[in-house]
Amino acid sequence: MKKVLISFIITSCLLPFFRYEASSDCPQDYQSGTIQATYRYNIGEFIFTCDVTIYYCCKWDNDLKTLVFQVDTLSSTYNNCLAYITNKSLFMDWVHNTVALNATGPCNPLWPPCDDSIKYYIEVNSFVCKFYENRNISNIPGDPAFRLFLIKCQGTVKCVSKWEKCIDYSQSPAKDSVKLVDKYITGIPGCEDDEPQIPPQGKSWDEFWTTKCFVIPCEY
Numbered sequence: 000m001k002k003v004l005i006s007f008i009i010t011s012c013l014l015p016f017f018r019y020e021a022s023s024d025c026p027q028d029y030q031s032g033t034i035q036a037t038y039r040y041n042i043g044e045f046i047f048t049c050d051v052t053i054y055y056c057c058k059w060d061n062d063l064k065t066l067v068f069q070v071d072t073l074s075s076t077y078n079n080c081l082a083y084i085t086n087k088s089l090f091m092d093w094v095h096n097t098v099a100l101n102a103t104g105p106c107n108p109l110w111p112p113c114d115d116s117i118k119y120y121i122e123v124n125s126f127v128c129k130f131y132e133n134r135n136i137s138n139i140p141g142d143p144a145f146r147l148f149l150i151k152c153q154g155t156v157k158c159v160s161k162w163e164k165c166i167d168y169s170q171s172p173a174k175d176s177v178k179l180v181d182k183y184i185t186g187i188p189g190c191e192d193d194e195p196q197i198p199p200q201g202k203s204w205d206e207f208w209t210t211k212c213f214v215i216p217c218e219y
């Protein structure tokens, strides 16, 4: 696999977000966090943007020197633009990249200099089978506000990307250096290939509904 080296300075902070009460349901020893970022995509010759909130679970594995992320849930931050992103595989590849490049959450270690003999890694996991949920995020009785969420289907195979990260102190100011070293799928997806129609037949954007699980293939 061709290795990609990305050097960058993280200049943006994680912005506040409209949190719904049921945050990421993280496994034991994991902590929850969020990232807000803007996804850019094309429809024909036009370029559109979608502000996305990524809900994740994370933990630091000191034995493997690896910061492990589990992507839990995705949502449009302000509207339902998530519904109009047609290439979901490319979108999930962007999610993996965004999580790896913004690894500054509650589990973040002290990253070593790039000339250190000990290597530190980031591992981003996402379930390839997901479903849609149109959820009321309002806390005001009688004034619902529905938002579209893309949620993992439990017990399905994962898309895994692994990255090497260090701090390049040869540059001034010092820069984070992140290199993709591997990406793979852990098995054969057991969900349907076809993305479901949204809203489902007989439903609207102004009510609660969910869909069946469907596969979003890994990009390599």
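Here numbering that gives the first Met the number 0 is used: position 137 in the sequence shown is 136, and no number is missing along the way. A virtual CB, placed ideally from N, CA and C, is assigned to each residue, including glycine.
Cut-off 7 Å between Cβ atoms - residues of its own chain near F207, not counting five sequence neighbours on either side: Closer than 7 Å at the Cβ level, and outside the excluded window around F207, lie N133, R134 and N135.
Work out the CA separation of F213 and S88 for me, nearest whole Å. Rounded to the nearest angstrom, the two C-alpha atoms are 12 Å apart.
With 8 Å set as the bound, which would you pick, yes or no: does the beta-carbon of P188 sit closer than that to a beta-carbon of chain D? In the structure shown, chain D does not exist; there is a single protein chain.
Among L63, T72, F45 and N86, the one whose alpha carbon lies nearest that of Y55: Y55 has its Cα closest to that of T72, out of L63, T72, F45 and N86.
Can you check which of these residues, I197, D167, Y120 and D181, is closest to D114 by C-alpha distance? Relative to the Cα of D114, the nearest Cα in the group I197, D167, Y120 and D181 belongs to D167.
If Y38 sits next to K58, beta carbons under 8 Å apart, how far is it from one beta carbon to the other, in whole angstroms? Actually they do not touch by this definition, with Cβ atoms about 26 Å apart.
If contacts are defined as beta-carbon pairs under 8 Å, then Y183 and V159 qualify, I think. What distance do you get, rounded to the angstrom? With a beta-carbon spacing of about 6 Å, Y183 and V159 fall inside the 8 Å limit used to define contacts.
What do you get for D92, buried or exposed, if any count of 16 or more other CB atoms within 10 angstroms of its CB means buried? It is buried - the Cβ of D92 has at least 16 other Cβ atoms within 10 Å.
Applying the criterion that 16 or more other CB atoms from any shown protein chain within 10 Å of the CB defines a buried residue, is K129 buried or exposed? When all chains shown are included, K129 counts as buried.
Report the three-state DSSP secondary structure of Y29 (helix, strand or coil). Reduced to three states, the DSSP call for Y29 is coil.
Return the residue from the list T76, V156 and F47 that minimises the CA-CA distance to Q69. Answer by Cα proximity: V156.
Under a three-way DSSP split, which group does Y168 fall into? Coil, per DSSP.
Beta strand (DSSP E) runs contained entirely in the segment 150–195, provided each spans 3 or more residues: For the segment 150–195, the continuous beta strand (DSSP E) assignments of 3+ residues that do not extend past its boundaries occur at 157–167 and 174–184, in sequence order.
To which residues does DSSP link T48 through a beta bridge? In DSSP, T48 forms a bridge with R39.
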